[in-house]
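Heads up, the thing below is written out as structure tokens.
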Amino acid sequence: MTDSNKPSQKSLEDIKEIDKTLQELGKWLQKAKFEPGKTERTENCAEKMPAAAKPLFDALDFKGPKKYNVLRIHGPNTTRIRNVDVVPIQSWGFDPMLDGKELKPKTITHITKGVDVEVAEGSISDLLIIAD
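The opening residue of the sequence shown carries number 595 in my numbering; numbering runs sequentially from there.
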């Protein structure tokens, strides 16, 4: 995408063992404690990310003063986000949509302006949110 205000999506396929890393994070998240989020039908992970996340953060060159957490969105829901990077970790049901386009597994999406993340009825999505 050429417009810097539009979300840009980059594949994470070249990260060594990305499938294994996301699967381990997914297993951990199924048991992790979550707290109510800022908006209805959302939750924030209340636990520190496990060592399983390190290969992902290293591959993303995750250094410096960044904040991160996992946002769990229960459908039906539309949640507005901005100024973050988003990595889908797992979904039950349908994959989430970002301004009407599929938020694909094994990608990172850079978002500058406010966009809507839509999760369909009966679906749940865990998204790693990374912010400066």
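Beta carbons: idealized from backbone N, C-alpha and C, even for Gly.
Taking a cut-off of 8 Å on C-beta distances, the stretch 683 to 694 touches the stretch 716 to 726, as three or more cross pairs fall below it. Residue burial is scored here from C-beta neighbours: P682 has at least 16 other C-beta atoms within 10 angstroms and is therefore classed as buried. About 11 Å separates the beta carbons of V709 and P690, which is beyond the 8 Å limit, so they are not a contact pair. Here D679 is buried, its C-beta having at least 16 other C-beta atoms within 10 Å.
Close CB contacts of Q603 within its chain, under the 6 Å cut and outside five residues either way in sequence, are with T701 and T703 (chain order).
Taking C-beta atoms under 8 Å as the contact rule, T615 and L650 qualify, at a distance of about 5 Å. In the structure shown, the three-state DSSP call for P630 is strand.
Looking at the DSSP output, E712 shares a beta bridge with T672 and M691. One Cα belongs to I723, the other to A646, and the distance between them is close to 16 Å.
Taking a C-beta distance under 8 Å as the contact criterion, I705 and I675 qualify as a contact pair. Only residues of its own chain outside the window of five on either side were considered, and among them D689 have a CB closer than 7 Å to the CB of E696, listed in chain order.
Closest in alpha carbon position to Y662, among N671, C639, T672 and G669, is C639. Spanning the alpha carbons of D693 and K600 requires a straight line of approximately 10 Å.
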